[in-house]
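> Here the protein sequences come in this chain order: A and B.
Following the working numbering, the residues of the first sequence are numbered contiguously, the last one being 293.
Following the working numbering, the residues of the second sequence are numbered contiguously, the last one being 1225.
Ideal Cβ positions, reconstructed from N, Cα and C, are used throughout, including at glycine.
The structure's right below; bear with me while I get my questions together.
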Amino acid sequence: MELSVNGQTRTLDDAAVDPGMPLLWVLRDVLNLTGTKFGCGVAACGACTVLVDGQAVRSCVTPLSAVAGKPVRTIEALGTLDKPHALQAAWVAHQVPQCGYCQSGMLMAAAALLAKNPNPSDADIAAAITNLCRCGTYPRIRDAIKTAAAALRTKT
Amino acid sequence: MKRRALILSGLGAGAALVVGWGLMPPRSRQGSADTLPVVGGEIGLNGWIKVAADGQVLLAMNRSEMGQGVHTALAMLVADELDISLAKLRLIQAGPDKLYGNVAGFIGALPFHPSDSEPGRETRTVKTGQWLVAKLARELGINMTGGSSSVADAWDVLRLAAATARAQLLGAASLRWKLPVDELVITDGIVSHGSGPSAHFGEFAKAAAVTPVSSVTVKDAKDWKLIGTPAPRIDVVAKTNGTATFGIDVRLPDMVYAVVRHAPMLGGSPGATNADAAMKLAGVERVVRLGSYAGSIAALAVVGRSYWHAKRGADALQVDWQAPPAGVLDSGAIMQSLEAAAHAAAKDQGGFAFYSRGDVPAAGKTASRHVEQVYRAPYLAHAPMEPINCTARITGEGGARRVEVWAPTQMPGAARAVAARAAGVHEDAVTVHVTYLGGGFGRRLDVDFVGQAVRVAVETQGRPVQLIWPREEDLTHDFYRPAGVAVMQASLDAQGQPTSLAITSAGDAITPRWMERAIPLLAGPIDTPDKTTSEGLFDLPYGVPNQRIAHVATHSGVPVGFWRSVGHSHNAFFSECFIDELAFEAKVDPVAFRLGLLKDAPRHAAVLKLAADKAGWGTPLPAGRARGIALHESFGSIVAQVVEVSLPNGPQSGRPRVHRVVCAADVGVVVNPGIVAQQIEGAVVFGLSAALFGRIDIAAGAVRQRNFPDYPLLTLADTPRIETHLVPSTRAPSGVGEPGTPPVAPALANAMFALTGQRLRELPLTL
């Protein structure tokens, strides 16, 4: 099978994967892309959020067969060290992460939101970011998304 | 004797006597130049600091980063003394040397009343107890990240280590250049003199290591460059691009994955097992029977090519699960028995009295009014976002057997010990790599999962194994925050002033159970009184003249563990709601009522006033909103919070909506105000999840809550605005990670009372 991840086509060994295997485990355990996290396995916490065709998707319940031929983007390709995504820069500016475990999923969910809505209100953010954070970084996430949105609006 | 047993209860009196504290030499906490292993031209200066050939400073980091910002905070202490930027400092993991043990955390476990243990004004008994426990803790060298103790423990030790290294480096430069030492300056790791010479630390390190220094002092507060600033956390960039390595992210060549399945019932075990269906599935390699490790129950682990393959195998096992021999647990029945125990002890002055003053019965006889209420709190799970996991690899045979463990743990020494037991090797053959922790909250003070991972690695013949618990195993087999009940009794005089306060609580003690499983060396033959059962009740700052604060330690059989803010997490709810009830009885404003009882506690009064001022206490609110306040000291820090609440779905239905939480805190010297604010915000969210939703129910022996849909956490949509205001202080730093949690539930409940007139005396809060 083939999978398009972060702009690269990856050929998966048919013996190693199964069409029903959730995308999360293909990313983590087959491709060693460990930035995407496992939190609950039932699409309840959002730690596993990635972009499929630009949409935020909970990869722990998304079978590999459902993403055939569609581009998958993970935290590893949100930005680079030299050119971080506006959200990553805002996350650093607001000092968002504590333990950091949920933040990949938060950032990918936020990226999907900003791609659709360049100027989200508090209500828009609350509706889009349903991921769980046990450390309680939510107030800073809210502020950082607004900062990133403003930065992206100025750029374009 | 009772008093002495009490003094030592934080560590276990039995262990103290075995070690023979009277004969122990004092132990420096600086270590020597050869404590740290060196490679490639590095030079060790003491047990904490070495210098690389290029002038980089390496700091031995003995605390686990689980979100609380400790790597940054401890690095700041060292960088400030050495006059280097955080970028010039690299962290390396501290090894198993006793030097890296936690002393402050164990002193914090002593059950002293704050009025007896005020720094600088300690009573003789307190001084003796603290000295004894400090000595014992140094000898034992237990490396623990917990109890909000890391900065307090490092404050003197790391600054002195860095100041000594600095003096040695300057001394070496002075000798080489033949220039007076007090004319040399350090600028971000470069030593220079106005006359021209300049060189980095690496050039003097070898000479510095043998340069004797005398009378080293740490910097004066006015000279701090980093301490007190909101320096960016050193872990934040890696935590925004997916490169931060948590335990579950460890990847080793040829690694396999193991998924654990425990009996549905707490204390249950696997009987006859049919693994045929599981073994037929692609990618499933083997099934391993797990014994009990550091508190875990017997279980099964299925090994597979990926988590998903192993999980499918675990789901396919057919197991005849056995009920626990001790009987089947039920949380409703446990709550009833706790309540009965608390009532019985309240009636006949039973339980262990952690604090007594005056004469409560006599005060009751002359009082004009009596108030008595019962408060309740349920079991709770930790639910850190990173599921429980550990990676292990065993190589070599016989005497050459080596065990390597990669663990997100708050207790690397205990992890090492359980790994050694599970592999049947000496501890010297075990290396523990501490990864980032995807949340700890006390769950990772237990090392059960480390033993399980090593046990599976024994079977995988040299292949590394990453053992992972599905979320359902985490929620149904946690070491839970114990359920608690308290009978609260007070007498008031004719003016409404409280003349007596009697609190009798009941619930399981955590510390003796934890020591039995995690640090067997400290487990005594009998349970000594556990401060954590009564903290937040016996240590109140209010000047009520007659008090008896006692606890009945029960044995419910439910596995219990330390949960962020431990006893304070529910006891603050009991005490601060009850104080609010007394204010109402006295017909006095809740802030004014508390201030009236805080005449001998000026720091508490200042924090309370700051929170009230910043929240606009007493000013009008929009219709349908109300405020509530709570004040609580824990882990040496004082926090007050004002919560603003409404009921969007009507006065008697639906969930409350929390709009704003204003926090004021006195945490001593603030090392990094950004991190302190972050921790308090997080602690508020953690406390609100518990106050609004948190409950673990046990029915027919099994925990009912299995995943986040049944054990909800606060979401971004429900998160209020949170403000933090810090009181300036010159006292040594106290706890930061936990003290923000206890006040939020009572502040919310008190706001609900102000809004509805209904007192909510049970957690979670439901109308």
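1) Quick check: is the beta carbon of Leu1171 (chain B) nearer than 8 Å to any beta carbon in chain A?
2) Using a Cβ cut-off of 7 Å, pull out every chain A residue sitting near Val695 (chain B), in sequence order please.
3) Looking only at DSSP bridge pairs, what is Lys508 (chain B) linked to?
4) Classify Phe570 (chain B) as helix, strand or coil using the three-state DSSP reduction.
5) Who are the Cβ neighbours of Gly816 (chain B) in its own chain at under 8 Å, not counting the five residues just before and after it?
6) What's the C-alpha gap between Ala263 (chain A) and Leu1105 (chain B)?
7) Alpha carbon to alpha carbon, how far is Leu1146 (chain B) from Val923 (chain B)?
8) Residues in the same chain with beta-carbon distance under 7 Å from Leu481 (chain B), minus the five sequence neighbours each way, listed in chain order, please.
9) Is there a Cβ from chain A that is less than 8 Å from the Cβ of Pro842 (chain B)?
10) Listing by chain order, which chain B residues have their CB less than 8 Å from the CB of Leu244 (chain A)?
11) Using a Cβ-Cβ cut-off of 8 Å, state whether Ser608 (chain B) counts as contacting chain C.
12) Specify the secondary structure class of Phe1020 (chain B) as computed by DSSP and reduced to three states.
13) Can you find a CB in chain A that lies within less than 8 Å of the CB of Thr1177 (chain B)?
14) Evaluate the contact criterion for the stretch 803-810 of chain B versus the stretch 1161-1172 of chain B: three or more CB pairs, one atom per stretch, below 8 Å.
15) According to DSSP, is Pro819 (chain B) helix, strand or coil?
16) Less than 8 Å between CB atoms is the rule here; does Arg929 (chain B) satisfy it with respect to chain A?
17) Going by CA-CA distance only, name the one from B:Pro987, B:Ala1011, B:Leu775, B:Gly499 that's closest to Asn732 (chain B).
18) Going along the chain, which residues of the stretch 500-532 of chain B sit with their C-beta nearer than 9 Å to a C-beta in chain A?
19) Closest to Ala1041 (chain B) by C-alpha separation, out of B:Arg1052, B:Val671, B:Arg770, would be which residue?
20) Counting only runs of 4+ residues fully inside the stretch 788-874 of chain B, write out the alpha helix (DSSP H) ranges in chain order.
21) Using beta-carbon positions only, say whether Leu1225 (chain B) and Gln1216 (chain B) come within less than 8 Å of one another.
22) With distance defined between alpha-carbon atoms, name the residue in B:Thr698, B:Met519, B:Ala850, B:Gly897 nearest to Arg874 (chain B).
23) Under 8 Å, do Arg277 (chain A) and Gln232 (chain A) count as touching if we go by C-beta distance?
24) Can you name the residues of chain B whose CB is closer than 8 Å to the CB of Ala181 (chain A)?
25) For Ala1135 (chain B), which residues of its own chain have a beta-carbon under 6 Å away from its beta-carbon, when the five flanking residues on both sides are left out?
26) With a 10 Å radius around its C-beta and 16 neighbouring C-beta atoms as the bar for buried, classify Thr1077 (chain B) as buried or exposed.
27) Could you confirm whether any beta carbon from chain B is found closer than 8 Å to the beta carbon of Ser241 (chain A)?
28) Hey, could you find the ends of the alpha helix (DSSP H) Asn1165 (chain B) is sitting in?
29) Hey, how far is the Cα of Val154 (chain A) from the Cα of Ser764 (chain B)?
30) State yes or no: is the C-beta of Ala1190 (chain B) within less than 8 Å of the C-beta of Trp613 (chain B)?
31) Short of 7 Å Cβ to Cβ, which residues in the stretch 755-771 of chain B face chain A?
32) Go through its chain and collect everything with a Cβ distance to Asn268 (chain A)'s Cβ below 8 Å, but skip five positions before and after it.
33) Rounding to the nearest angstrom, what Cα-Cα distance links Thr853 (chain B) and Val890 (chain B) in this structure?
34) Do Gln910 (chain B) and Leu748 (chain B) come within 8 Å of each other at the CB atom, strictly closer than that value?
35) Which residues, taken in chain order from the stretch 1108-1136 of chain B, show a beta carbon closer than 7 Å to some beta carbon of chain A?
36) Does the CB of Tyr751 (chain B) have a neighbour CB from chain A at under 8 Å?
On the basis of the coordinates in this document:
1) At a cut-off of 8 Å between C-beta atoms, Leu1171 (chain B) counts as an interface residue with respect to chain A.
2) Val695 (chain B) reaches chain A at Val229, counting residues in chain order whose Cβ is nearer than 7 Å.
3) According to DSSP, which records beta bridges pairwise, Lys508 (chain B) is partnered with B:Gly502, B:Leu516.
4) Phe570 (chain B): coil per DSSP, three-state reduction.
5) If we look at Gly816 (chain B) and ignore the five residues flanking it on each side, its Cβ neighbours are Ser958, Pro1003, Asn1004, Gln1005.
6) So the two alpha carbons sit approximately 19 Å from each other.
7) Rounded to the nearest whole angstrom, the CA to CA distance from Leu1146 (chain B) to Val923 (chain B) is 37 Å.
8) Bear in mind that the predicted position of Leu481 (chain B) carries a pLDDT of just 36, short of 50, making it too unreliable to give a figure here.
9) With 8 Å as the cut-off, Pro842 (chain B) counts as an interface residue toward chain A.
10) Neighbours of Leu244 (chain A) across chain B, judged by C-beta separation under 8 Å: Thr698.
11) Absence of chain C from the displayed structure is noted, the protein chains being A and B.
12) Under the three-state reduction of DSSP output, Phe1020 (chain B) falls in the coil class, being neither helix nor strand.
13) At a cut-off of 8 Å, the C-beta of Thr1177 (chain B) has a neighbouring C-beta in chain A.
14) No, because fewer than three Cβ pairs between the stretch 803-810 of chain B and the stretch 1161-1172 of chain B fall closer than 8 Å, the two stretches do not touch.
15) In the structure shown, Pro819 (chain B) sits in a helix (DSSP, three-state: H, G or I).
16) Taking 8 Å as the threshold, the shortest C-beta distance from Arg929 (chain B) to chain A falls below it.
17) Of the candidates B:Pro987, B:Ala1011, B:Leu775, B:Gly499, the one whose C-alpha sits nearest the C-alpha of Asn732 (chain B) is B:Leu775.
18) Listed in sequence order: Glu523, Met524, Gly525, Gln526, Gly527.
19) Answer by Cα proximity: B:Arg1052.
20) For the stretch 788-874 of chain B, whole alpha helix (DSSP H) runs of length 4 or above, ordered along the chain, are 789-805, 818-824.
21) Taking C-beta atoms as the reference points, Leu1225 (chain B) and Gln1216 (chain B) count as a pair closer than 8 Å.
22) Of the listed residues, the one whose Cα sits closest to Arg874 (chain B) is B:Ala850.
23) For Arg277 (chain A) and Gln232 (chain A), yes; Cβs fall inside 8 Å.
24) From the beta-carbon of Ala181 (chain A), the residues of chain B found nearer than 8 Å are Asn1165, Phe1166, Pro1167.
25) In the same chain as Ala1135 (chain B), and ignoring 5 residues on each side of it, the C-beta atoms closer than 6 Å to its own belong to Thr1182, in chain order.
26) Per the 10 Å Cβ criterion, exposed.
27) Taking Cβ atoms only, chain B reaches closer than 8 Å to Ser241 (chain A), which makes this a yes.
28) Taken as a continuous stretch (DSSP letters only), Asn1165 (chain B) belongs to no alpha helix (DSSP H), as it is neither H nor E.
29) Spanning the two alpha carbons is a distance of roughly 9 Å.
30) In this structure, Trp613 (chain B) lies closer than 8 Å to Ala1190 (chain B) by Cβ.
31) Taking 7 Å as the Cβ-Cβ cut-off against chain A, the residues of the stretch 755-771 of chain B that qualify are Arg763, Ser764, Tyr765, Trp766.
32) By the criterion of a C-beta distance shorter than 8 Å, Asn268 (chain A) is surrounded in its chain by Cys182, Gly183, Ala184, Thr186, Cys239, Gly242, Met243, Ala246, once the five residues flanking it on both sides are discounted.
33) If you draw a straight line from the Cα of Thr853 (chain B) to the Cα of Val890 (chain B), it is about 14 Å long.
34) Taking 8 Å as the Cβ cut-off, Leu748 (chain B) and Gln910 (chain B) qualify as a contacting pair.
35) Answer in chain order: Gly1132, Gln1136.
36) With 8 Å as the cut-off, Tyr751 (chain B) does not count as an interface residue toward chain A.
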